[in-house]
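Residue numbers for the sequence shown follow this note's numbering, so the first one is 3 and each next one is one higher. Each residue gets a CB set at the ideal place from its N, CA and C atoms; glycine is no exception. From a predicted model like this one, the values you see are computed outputs, not experimental measurements. The structure appears right after this line, and notes come after that.
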Amino acid sequence: RRRRAGTLLLMTLPALLLVLVFAYVPLLGNLVAFKEYDPYIGDNAFEAFLRSPWVGFEQFTEMAADSRFWDAVANTLALFVIQLVLYFPVPIALALLINSVLSPTVRAWAQAVLYLPHFFSWVLVVTVFQQILGGAGIIAHQLRAHGYEGFDLMTNPETFKLLVTFQTVWKDAGWGVIVFLAALAAVNPDLYEAAAMDGADRWRRMWHVTLPALRPVIALLLVLRVGDALTVGFEQFLLQRDAVGPAA
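Next up, the structure:
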């Protein structure tokens, strides 16, 4: 069996090496959390790491006693729940909508438009939102030009969670749409015809044929989304802070 699958195993080798080098090897650096790290000990960072004294769980105890740590945990979990509730249904709804379009040209155009933001970096995404919704953005500028009071959603703490969720939806919803459309393409058309002959309307065909076909993909993407519960786009928030810092 190994000889027959040798070619496939060889194809997976580069991916395994990437995961090993960039995911598992850096985990060894987590040992610094159990040390009183002093970068000025020794001639280089590795020597400083080796010479730094062990402190065990002392730093974890200090972190757990800091109220700001628990505030950060609460905010992280709140953002995760909001993004899970507001983001996750969007790709499913868009995939069902695009799949119902009969024109191949319109369908291909919609897929391209929705999928394009997935290739944008978070630097570009935050910049676009800053130029549109920021205090010096297009909308605020036009409001002031017509005698109205401007606004700055980028520095409004009340709308921050919804703002970053909308950024995530705009950037990553297209990727989920492609995945769900691929799953819909694998559905046997005979199932729809049989359901129609039994008197099922469009909504019942979607409920009893389409959604059950999407169930495995939904479960897979949900598990992947839950795996990011404690990160929730750190790069996005870091860039968001840099973007609103001068305005704030």
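CA-CA distance, V115 and Q133?
Just so you know, the alpha carbons of V115 and Q133 end up roughly 20 Å apart.
Buried versus exposed, by CB contacts within 10 Å (16 or more), A249
With a pLDDT of 41 at A249, under the threshold of 50, the modelled position of this residue cannot be trusted; read the value that follows with caution. It counts as exposed.
Using a 10 Å radius around the Cβ and a threshold of 16 neighbouring Cβ atoms, would you call A142 buried or exposed?
With 16 or more other Cβ atoms within 10 Å, it is buried.
From V103 to R109, what does the alpha carbon distance come to, in whole angstroms?
Whole-angstrom Cα-Cα distance: 6 Å.
Locate the alpha helix (DSSP H) running through A17, then write down its first and last residues.
Start and end: G8 to V21.
Exposed or buried, what is G136 when buried is set at 16 or more other beta-carbons lying within 10 Å of its beta-carbon?
Using a 10 angstroms sphere on the CB of G136, the tally of other CB atoms reaches 16 or more, which defines it as buried.
Residue range of the unbroken alpha helix (DSSP H) whose run includes M199
It spans P191 to M199 - the alpha helix (DSSP H) in which M199 sits, taken as one unbroken run.
So, under 8 Å CB-CB, V211 and V179 are touching, yes? Tell me the CB distance rounded to an integer number of Å.
That belief does not hold up - the Cβ atoms of V211 and V179 are roughly 19 Å apart, past 8 Å.
Looking only at DSSP bridge pairs, what is K173 linked to?
The secondary-structure analysis by DSSP pairs K173 with nothing; it has no beta-bridge partner.
Apart from the five residues just before and just after G247, which ones in its own chain have a Cβ nearer than 7 Å to its Cβ?
Residue placement at G247 is flagged as unreliable, the pLDDT there being 47, under the threshold of 50; a coordinate-derived value is accordingly withheld.
Going by beta-carbon coordinates alone, are L88 and V171 separated by less than 8 Å?
Taking the C-beta atoms as reference points, V171 is found nearer than 8 Å to L88.
A175 vs F82 beta-carbon contact at 8 Å:
The Cβ-Cβ distance between A175 and F82 does not fall below 8 Å.
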